[in-house]
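Report on the following structure.
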Amino acid sequence: MFRRFFQKQYSHFSFVSGVVIGLPIYITCKDYFGYIARVEGASMQPTLNPCQESNCDVVFLNSWITDYESFKRGEIVAIASPYHRNVSYIKRIIALEGDIVCTPRYKKNHVFIPKGHCWVEGDNKSASLDSNSFGPVSIGLIKAKATYIIWPPHRWQKLSFDMPHSTNNNILSVND
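For the sequence shown, the positions run 142 to 317 when my numbering is used.
Next up, the structure:
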């Protein structure tokens, strides 16, 4: 009887100690190195989820972001939703601070990107909730850069940061 009692106590202790040790390690790795995320929806087609399959692409999101200067046009990033807590989007950076973007779908035809902000869009404009809906995004909302497709195996690849041709016409002024 005592043996069974101590075995149960030990298993509870083992579980709790595993959580106490493992959780901070997981959070540290997620915040400072990176994590994986499943890409849902058609907003980044054809770059991500190119087919209407039930299998979604899984990407590695690199959290190793140092400062504003590390962002470049064409990079695919994970951003926190400006409106909904605990919701993230994966979009492409189209313009950076100082740029002027032609935005036929936004409430203004031309938008000057203010300091500390960027303009993000999905590659599939007809299926994307992006800056055309909510305007310039604060750089502080960028959580990570998507760098690799890691699932499904036949799609393993490093992500290209080449801008889609349809997007290049939208930037009127590039302030490098």
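A virtual CB, placed ideally from N, CA and C, is assigned to each residue, including glycine.
If you're wondering where the values come from, they're calculated on a predicted model, not measured in any experiment.
With three or more CB-CB distances shorter than 8 Å, the region 273-288 counts as touching the region 240-252. The three-state reading of DSSP puts residue 281 in helix, counting H, G and I together. A check of alpha carbon separations from residue 181 across 313, 175, 215 and 228 identifies 228 as the nearest.
In the three-state scheme derived from DSSP, where H, G and I count as helix and E and B as strand, residue 225 is classed as coil.
Where residue 203 is concerned, the enclosing beta strand (DSSP E) starts and stops at 199-203.
Per DSSP, reduced to three states, the secondary structure at residue 232 is strand. A straight-line Cα-Cα distance of about 19 Å links residue 269 and residue 280. For residue 313, the number of other beta carbons within 10 angstroms of its own is below 16, and it is reported as exposed.
Around the beta carbon of residue 155, fewer than 16 other beta carbons lie within 10 angstroms, which makes this residue exposed. Secondary structure at residue 219: strand, using DSSP grouped into helix, strand and coil.
Judged by their CB atoms, residue 286 and residue 261 are not nearer to each other than the 8 Å cut-off.
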